[in-house]
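Working notes for the structure below.
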Amino acid sequence: MKNVAVPKSQIEKALDGDIMFDGSSIDGFVRINESDMYLKPDYNTFTVLPWRIKEGVAAARIICDVYKFDGKTPFDGCPRVNLKRVLAEAKKMGFTMNVGTEAEFFLFKRDENGDATTETHDTAGYFT
138 MKNVAVPKSQ IEKALDGDIM FDGSSIDGFV RINESDMYLK PDYNTFTVLP WRIKEGVAAA
198 RIICDVYKFD GKTPFDGCPR VNLKRVLAEA KKMGFTMNVG TEAEFFLFKR DENGDATTET
258 HDTAGYFT
């Protein structure tokens, strides 16, 4: 995932989808003659970053779709554009995709000096 930091003075421009970037500067993204790309924000993904508030900084995140230089044509190399296309095709075929995250973690034992080890407290496995 790539990101672009936008200063407060450019927020309106960013939210209007007027932020451009040079796609050729990202290795393997596009050729130099196709380099001007637009970021179109998906307002449903907007969220304030609460840990930044604790640091005394106001910061938020919004995920964007990548569009070609005309600002109207979705870029075929954008994973979000492709996901939306595939979901629409699946829906036409009568399929519904359900996706969820699963948080996993391990608790590690400490040695006699209080340092972390690679030995876990857990002795179970998926198939035991």
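Going by this note's numbering, the letters in the sequence shown line up with residues 138 to 265, in that order.
Don't be surprised by glycine CBs; every beta carbon is placed ideally from N, CA and C.
Within the DSSP bridge table, the entry for residue 247 names 253 as partners. Looking at the DSSP output, residue 202 bridges to 177.
Around the beta carbon of residue 203, 16 or more other beta carbons lie within 10 angstroms, which makes this residue buried.
When only Cα atoms are considered, residue 193 and residue 205 end up about 36 Å apart. In the same chain as residue 248, and ignoring 5 residues on each side of it, the C-beta atoms closer than 7 Å to its own belong to 254, in chain order. In the three-state reduction of the DSSP assignment, residue 184 falls in the strand class.
The three-state reading of DSSP puts residue 144 in coil, since its state is none of H, G, I, E or B. Across the structure, residue 181 and residue 251 are spaced so that their CA atoms are roughly 44 Å apart.
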